[in-house]
Amino acid sequence: MLDFFTIFSKGGLVLWCFQGVRGPAATAPVNALIRSVLLQERGGNNSFTHEALTLKYKLDNQFELVFVVGFQKILTLTYVDKLIDDVHKEFRDKYRNEFQQKGALGLLNGTFDFKDDFMRLLRDAEESSKVRAPTVMKTFEQSLKSQKTVKCMIETRGEKPKEKVKNKKNKGSKKDGTEAVAVPSKASAGDKQLSAAGDKEELTKDEILQKNREEFFRRHMKAGEKSRSPKPDTQKEKGKKPRVWDLGNSNAKVLDYSNSATNGSAEACPVEEFDPDMALGDKNREPGRLYDLEYESDDEAEEEKVVQNPSKPSVKKGGLGGMFGMLKGLVGSKSLTREDMDPVLEKMKDHLIAKNVAAEIAVQLCESVAKKLEGKVMGTFTTVTSTVKQALQEALVQILQPQRRVDVLRDVMDAQRHRRPYVITFCGVNGVGKSTNLAKISFWLIENGFSVLIAACDTFRAGAVEQLRTHTRRLNALHPPESHGGRTMVQLYEKGYGKDAAGIAMEAISYARNQGFDVVLVDTAGRMQDNAPLMTALAKLIAVNAPDLVLFVGEALVGNEAVDQLVKFNKALADHSMAQTPRLIDGIVLTKFDTIDDKVGAAISMTYITSKPIVFVGTGQTYCDLRSLNAKAVVAALMKA
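At position 511 of the sequence shown (counting the first as 1) the number is 511 in the UniProt record's numbering, and the numbers step up by one without a gap.
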């Protein structure tokens, strides 16, 4: 049974609605569909799940209408697709003239009496689903097994199964003489096998078993004697010699961090000299500002080429040829069909996949664009390619623009007013740059005047604590306490290795609250999305400490793997959380963005699959190489040929 069926315009005006069951109105699920699917350009799939309801929808781009049907997701209603198609066709045909003549005024002032027609279509759809008889299983007499006799299914031990005789044509005349000579030898070998089989039949089963064992041992003894070879006189020295590098440090004591007394003590570590200019990068930057990503589009490059080569002569074409070339591919005020768009969409899909967009996401994007444009009337002098490309660009920009913008600085100041630290947890797979980008974000927060406590909760990877200790020492050298009124802007909270990460994070948050730190950055161990024990530990850390922001750190080099990582991380956090409403990933940190040139598809894949914003983008090796996402710049790089 249907819960509701509604027809409304893309402007938000409800034209007609059917309420199938008593209960809450269809407003909440339809609004969720509009926010999460229609406004976010995620129309690749025509179904949407909201709490206990499944919503299916169909778009009419010519008259700007949306048809939505809702039913309980535990039900399997096979007639819903047929019903929504029939209602769409019937409603269009009945009120076509009113839409064409009056336009928007027809929607405002029109009365749509569609209940009788809808009930008729609903009955027809339900009856058509009942007509289809379920598939009947075959009886035993109809199966192949019933045709076999009992005798042919009995197998005697030691007896070889009979080979099927194949009728082949005699090709002896075409064979060479050498092959003809080989025939008697095969026949003689067959006679030997037959005689051996006859001897085996005369022997008892125990004698046959004993004989087979003797043949087996004799065969393997011969093979062992052949494989033996005399040992060389000179034997190689056992063990490895350590390689000594020319520029390396021969003093092993400097590299020994195994002493537990050094954990948490910055004075015990050797002081490291480094160049502050190399760590900061751009000297002309504005301190504390998070710059946007920059990318030069094709239009700007073409304008520069025109300015640089003003004297280049233009190629003249024939009058008729040039005119026909201009008119080629123009639509000319007609409705776009799927057949018109399929060739262009296929090229667009291949282009997106080549730009590192996950294959599944590329298919859904092209499907969403096709549904958005199908039936839409195009203006004169407009090509199908330019129309589809423009629609795809708009969809990509809409996807990259988040539903809820994450403003870290504003949230930190709000936490300050409540006299508590703002907690950010970093998670992700191995080797994506969690610790490095955590240090970049620490530097950005310090330059904005916030004190930072780094919680070393990666108690598994060797060198993880020492890496954070080095970053802490360098950040304190760049921002010494003397420059901030004697206040230490960044500290490291660590308890060594092999400890419970959730307990360390809890102690660090309590320490930050007592000492007056503004922000706590929790570094976690890298883990693969398929490792259930480690994913359980991460879910425990997030559930116990309830951070304000959970950031997934992913690299821009991945393609299809990005979808798998994010889906399984979110699923693991939901499955292993004890809370009724589990805490999932809130945002994304996209790293190694400087290594991919224009193959920026990972940004599209990550935001599409999670609907979460990309908060930070890592673009280099210095502390200043941190950017905010510029959706238009990413789309320009993605659409570059």
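Where is the CB? At the ideal position from N, CA and C, for every residue including glycine.
Item: Thinking just about the alpha-carbon of each residue, which of Ala546, Lys640, Arg469, Asp340 is nearest to the one in Thr385?; Value: Asp340
Item: Alpha carbon to alpha carbon, what distance is there between His50 and Val87?; Value: 23 Å
Item: When the Cα of Leu2 is compared with those of Leu55, Ser442, Thr149, Val544, which residue comes out closest?; Value: Leu55
Item: Have a look at the DSSP bridge pairing and note the partners of Val21.; Value: Looking at the DSSP assignment, Val21 forms no beta bridge with any residue, so it has no partner.
Item: Can you give the beta carbon distance from Asn46 to Lys372, rounded, assuming they're within the 8 Å contact cut?; Value: Actually they do not touch by this definition, with Cβ atoms about 12 Å apart.
Item: Among Leu453, Asn448, Tyr511, Gln467, which one has its Cα closest to the Cα of His484?; Value: Asn448
Item: Using 8 Å as the cut-off, can you tell me whether the segment 530 to 546 makes contact with the segment 434 to 450, which would need three or more C-beta pairs spanning the two stretches below that distance?; Value: no
Item: Given a cut-off of 9 Å on the beta-carbon distance, is the pair Ala501 and Ala525 in contact?; Value: yes
Item: Whose C-alpha, out of Tyr79, Glu214, Asn514, Ile424, is nearest the C-alpha of Phe616?; Value: Ile424
Item: When you compare each of Phe91, Gln529, Cys457 to Asp116 by their alpha carbons, which one comes out closest?; Value: Phe91
Item: For Val490, write down the residues that DSSP places opposite it in a beta bridge.; Value: Val452
Item: How long is the line joining the alpha carbons of Gly503 and Gly375, rounded to whole angstroms?; Value: 59 Å
Item: Let me know if Thr337 comes out buried or exposed under the rule of 16 or more other beta-carbons within 10 Å of its beta-carbon.; Value: exposed
Item: Please look up how many angstroms separate the CB atoms of Ser146 and Leu65, rounded, as I've assumed it's under 8 Å.; Value: 57 Å between Cβ atoms; not a contact.
Item: Counting Cβ pairs, one atom from each stretch, are 3 or more of them under 8 Å apart for the segment 512 to 531 and the segment 564 to 571?; Value: yes
Item: Which runs of the alpha helix (DSSP H) spanning at least 4 residues fall entirely within the segment 508 to 552, listed in chain order?; Value: 532 to 545
Item: Are there 16 or more other CB atoms within 10 angstroms of the CB of Phe140, so buried, or fewer, so exposed?; Value: exposed
Item: Please list, in chain order, all residues of the same chain as Ala579 whose beta carbon is under 8 Å from its beta carbon, the five residues on each side excluded.; Value: Ala543
Item: Give a yes or no on whether the C-beta atoms belonging to Tyr291 and Ala439 are separated by under 9 Å.; Value: no
Item: For Ser577, does the three-state DSSP call read helix, strand or coil?; Value: coil
Item: When DSSP labels each residue in this structure, what does His220 get in the three-state scheme?; Value: helix
Item: Give the secondary structure of Glu127 by DSSP, where H, G and I count as helix, E and B as strand, and everything else as coil.; Value: helix
Item: In the DSSP assignment, what are the bridge partners of Arg120?; Value: According to DSSP, which records beta bridges pairwise, Arg120 is partnered with nothing at all.
Item: Excluding the 5 residues preceding and the 5 following Arg513 in the sequence, name in chain order all residues of the same chain whose CB lies nearer than 7 Å to its CB.; Value: Arg420, Pro421
Item: So if DSSP puts Asp60 in a beta bridge, which residue, or which two residues, is it bridged to?; Value: Leu65
Item: Taking Leu521 and Leu492 to be in contact with their CB atoms under 8 Å, please state how far apart those CB atoms are, rounded to whole angstroms.; Value: That belief does not hold up - the Cβ atoms of Leu521 and Leu492 are roughly 10 Å apart, past 8 Å.
Item: Going by DSSP, which residues form a beta bridge with Asp292?; Value: Ser628
Item: Going by C-alpha to C-alpha distance, which of Phe517, Arg404, Leu121 sits closest to His418?; Value: Phe517
Item: I'd like the list of long-range same chain contacts for Gly30, defined as Cβ closer than 7 Å, with 5 residues on each side in sequence excluded.; Value: According to the sequence as given, residue 30 is Val; it is not Gly. Closer than 7 Å at the Cβ level, and outside the excluded window around Val30, lie Thr6, Val68.
Item: Using the Cα positions of Ala28 and Arg405, report the straight-line distance between them to the nearest angstrom.; Value: 22 Å
Item: Could you check if Gly12 is buried or exposed, using at least 16 other CB atoms within 10 Å of its CB as the buried criterion?; Value: exposed
Item: Since Ala637 and Met606 are thought to touch, with beta carbons under 8 Å apart, how far apart are those beta carbons, to the nearest angstrom?; Value: Their Cβ separation, rounded to whole angstroms, is 15 Å, which puts Ala637 and Met606 out of contact at 8 Å.
Item: Run the CB neighbour count on Lys612, radius 10 Å, all protein chains shown included, and call it buried at 16 or more, exposed below.; Value: buried
Item: Taking Leu15 as the reference, give the member of Phe114, Ser36, Val80, Leu59 with the closest Cα.; Value: Phe114
Item: Could you pull the start and end residues of the alpha helix (DSSP H) that residue 642 belongs to?; Value: This structure does not reach residue 642, given that the chain is present from 1 up to 641, and the question cannot be answered.
Item: Does the beta-carbon of Ile441 have 16 or more other beta-carbons within 10 angstroms, so that it is buried, or is it exposed?; Value: buried
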